[in-house]
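Below: one structure, written as structure tokens.
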Amino acid sequence: MQLKRAAITGIAGWVPENRLTNQDLEKMVDTNDEWIRTRTGINERRILNEKGKGTSDIAVPAVLDLLKKTNTAPEEVDLLICATSTPDMQFPATANVICDKIGIKNAFGYDINAACSGFLYSLVTASKFIETGTYKKIIVVGADKMSSIINYQDRTTCIIFGDGGGAVMLEPSKDDSGIYDSILESDGSGRHYLFQKSGGSVSPATPESVAAREHFVTQEGAHVFKAAVKNLSSSMDRVMKRNNLTSDDIAWFIPHQANLRIIKAAAAYIGLDEKKVAVNISKYGNTTNGTIPLCLWEWESKFKKGDNLILGAFGGGFTWGAVYLKWAYDAPNS
Ligand code: UT7
Numbered sequence: 000m001q002l003k004r005a006a007i008t009g010i011a012g013w014v015p016e017n018r019l020t021n022q023d024l025e026k027m028v029d030t031n032d033e034w035i036r037t038r039t040g041i042n043e044r045r046i047l048n049e050k051g052k053g054t055s056d057i058a059v060p061a062v063l064d065l066l067k068k069t070n071t072a073p074e075e076v077d078l079l080i081c082a083t084s085t086p087d088m089q090f091p092a093t094a095n096v097i098c099d100k101i102g103i104k105n106a107f108g109y110d111i112n113a114a115c116s117g118f119l120y121s122l123v124t125a126s127k128f129i130e131t132g133t134y135k136k137i138i139v140v141g142a143d144k145m146s147s148i149i150n151y152q153d154r155t156t157c158i159i160f161g162d163g164g165g166a167v168m169l170e171p172s173k174d175d176s177g178i179y180d181s182i183l184e185s186d187g188s189g190r191h192y193l194f195q196k197s198g199g200s201v202s203p204a205t206p207e208s209v210a211a212r213e214h215f216v217t218q219e220g221a222h223v224f225k226a227a228v229k230n231l232s233s234s235m236d237r238v239m240k241r242n243n244l245t246s247d248d249i250a251w252f253i254p255h256q257a258n259l260r261i262i263k264a265a266a267a268y269i270g271l272d273e274k275k276v277a278v279n280i281s282k283y284g285n286t287t288n289g290t291i292p293l294c295l296w297e298w299e300s301k302f303k304k305g306d307n308l309i310l311g312a313f314g315g316g317f318t319w320g321a322v323y324l325k326w327a328y329d330a331p332n333s
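So for the sequence shown, the working numbering puts the first residue at 0; every next one is plus one.
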């Protein structure tokens, strides 16, 4: 069978208007702007605070913009995968909600939950449908409304996360661009360090679980930090080595935005100049599945056709990985 490489042919993103600044957080918990900036690199995050709105409401404007930018009719889409850790509801899949709200009628859709690595897992999963010739137009969404599972009384987590997301179009490559290689890995023993205790089948919601604030993110930050640096660096290094790439060959590194110090450590490990690293964590914080598509969206005008990109992520699970791709197009307005 002749395999066709899958290429990203468009990208769009969306964040809510409402900002939660470090100064706002100073009034909510025992923290300060200087600590947050120096320990994480974050200045502010966006929060979707309209009642009754969820992750699909972050994804829908991004997907609508993506369809417009790629000149695609909703009926032409074959599949929509939504990477999210904060689905609109436990079920059905948020992908189904997004398709319904937009009128994507001929596609099937499902969600992938791999915490902060979900967008990379979804991108690689989608690329296989393209490579085998099964489908021609796949939308991969990465979006989270993290504010729905954050305890705004816990200073160790509430300063990190924000809401936002984006979407890419994947199509068969017409040339030598597209996704070349990926390393995806996970280790379930890491689940004890970053998780949401209640709300799943082991501990369904009860008045007690709500009172104990168990429906929010719990994180042992320092442990996660060390595992993130080690595994993110290692997967990027290995994917580069097995494709004979040195840091000089890489035009851009697009990392998951969890902590500026993690990003810098991983870039230093592969010997990459900081100018080649896409960083927007100061504006949005950690939007979980949203970080990589939001970065691709903001950096789109800087990418040149043929640029070598490394995408890398680490998150709850633990899950992590790296993707090597050749960018497929010059941005329309670049
Ligand atoms: O995206 C998913 C994966 N997640 C990550 O990759 C996140 C990884 N972890 C981190 O980014 C960092 O560990 C944090 C930003 C969460 C914390 O930074 P840290 O440098 O690892 O701090 P720490 O947890 O070691 O805490 C150092 C001190 C502690 O005080 P003591 O015990 O030294 O007196 C904390 O209580 O900082 C204190 N602290 C704070 N102080 C002011 C923790 N949070 C805050 C805060 N403001 N918000």
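The C-beta atom is built at its ideal place from N, Cα and C for all residues, glycine as well.
Proximal residues to residue i (C-beta, below 6 Å), its chain only, five neighbours per side dropped
{"i": "N258", "result": "T39"}
{"i": "N105", "result": "E74"}
{"i": "D64", "result": "A11"}
Nearest-angstrom beta carbon gap, residue j and residue i [assumed within contact, 8 Å]
{"i": "G141", "j": "G289", "result": "5 Å"}
{"i": "M145", "j": "T30", "result": "Between T30 and M145 the Cβ distance is about 17 Å, and since that is not below 8 Å, they are no contact."}
{"i": "Y268", "j": "H222", "result": "The pair is not a contact, with the Cβ atoms about 19 Å apart (cut-off 8 Å)."}
{"i": "I182", "j": "A321", "result": "5 Å"}
{"i": "L295", "j": "G165", "result": "7 Å"}
{"i": "I253", "j": "A277", "result": "5 Å"}
{"i": "K304", "j": "W319", "result": "Actually they do not touch by this definition, with Cβ atoms about 29 Å apart."}
{"i": "P292", "j": "G12", "result": "6 Å"}
{"i": "I335", "j": "V62", "result": "The chain is shown from 0 up to 333; residue 335 falls before or after that span and cannot be answered."}
{"i": "P15", "j": "I46", "result": "6 Å"}
{"i": "Y134", "j": "F128", "result": "5 Å"}
Proximity to residue i [Cα-Cα], best of the options
{"i": "T131", "options": "K3, T287, E207 and G316", "result": "K3"}
{"i": "T124", "options": "S147, A106 and L78", "result": "L78"}
{"i": "I261", "options": "A250, S233 and N31", "result": "S233"}
{"i": "S281", "options": "D153, N150, W13 and L19", "result": "L19"}
{"i": "Y323", "options": "D306, G314 and S200", "result": "D306"}
{"i": "N243", "options": "D180, R36 and L119", "result": "D180"}
{"i": "G275", "options": "P292, L293, S176 and S246", "result": "The sequence shown places Lys at residue 275, rather than the Gly named in the question. When each option's Cα is compared against that of K275, the closest is S246."}
{"i": "G270", "options": "Q256, R241, M235 and D87", "result": "M235"}
{"i": "H255", "options": "L310, E297 and Y151", "result": "L310"}
{"i": "E184", "options": "A211, S126, M239 and A312", "result": "A312"}
{"i": "A6", "options": "D175, E273 and L231", "result": "D175"}
{"i": "T69", "options": "K136, K127 and L47", "result": "K136"}
{"i": "E170", "options": "T71, K50 and L308", "result": "T71"}
{"i": "W251", "options": "E273, N21, R241 and G316", "result": "E273"}
Heavy atom of ligand 1 within 7 Å of residue i beta-carbon
{"i": "L244", "result": "no"}
{"i": "H191", "result": "no"}
{"i": "I338", "result": "For residue 338 there is no data in the structure shown, the boundaries of the chain being 0 and 333."}
{"i": "T30", "result": "yes"}
{"i": "V223", "result": "yes"}
{"i": "I159", "result": "yes"}
{"i": "T85", "result": "no"}
{"i": "R44", "result": "no"}
{"i": "I261", "result": "yes"}
{"i": "C294", "result": "no"}
{"i": "A82", "result": "no"}
{"i": "F313", "result": "yes"}
{"i": "T318", "result": "no"}
{"i": "T217", "result": "no"}
{"i": "A266", "result": "no"}
Sequence-distant residues of the same chain with beta carbon closer than 7 Å to residue i, five excluded per side
{"i": "S197", "result": "A204, S208, E213 and H214"}
{"i": "G228", "result": "The sequence shown places Val at residue 228, rather than the Gly named in the question. If we look at V228 and ignore the five residues flanking it on each side, its Cβ neighbours are I261, A264 and A265."}
{"i": "G284", "result": "I41, R44, I159, F160 and G161"}
{"i": "I148", "result": "T85, Q195, H214, F215 and V216"}
{"i": "I103", "result": "P73, V76 and L79"}
{"i": "V28", "result": "Q152, R154 and C157"}
{"i": "D329", "result": "K303 and K304"}
{"i": "E25", "result": "N31 and D32"}
Beta-carbon proximity list for residue i, same chain, < 8 Å, skipping 5 on both sides
{"i": "K100", "result": "S55 and V59"}
{"i": "A92", "result": "C81, P86, G108, Y109 and D110"}
8 Å Cβ cutoff, residue i in contact with chain B
{"i": "I148", "result": "The chain inventory of the structure shown lacks chain B, comprising one protein chain alone."}
Give, in chain order, every unbroken run of the beta strand (DSSP E) that is at least 3 residues long and sits entirely within the region 127 to 164.
List check, beta strand (DSSP E) in window: 137 to 144.
Contained beta strand (DSSP E) runs [length at least 3] in the region 230 to 263, N- to C-terminal order:
Annotation note: the region 230 to 263 contains the following uninterrupted beta strand (DSSP E) runs of length 3 or greater, listed N- to C-terminal: 251 to 254.
Contiguous alpha helix (DSSP H) assignments of at least 4 residues, all confined to the region 264 to 333
Segments of the alpha helix (DSSP H) lying fully in the region 264 to 333: 280 to 283 and 290 to 298.
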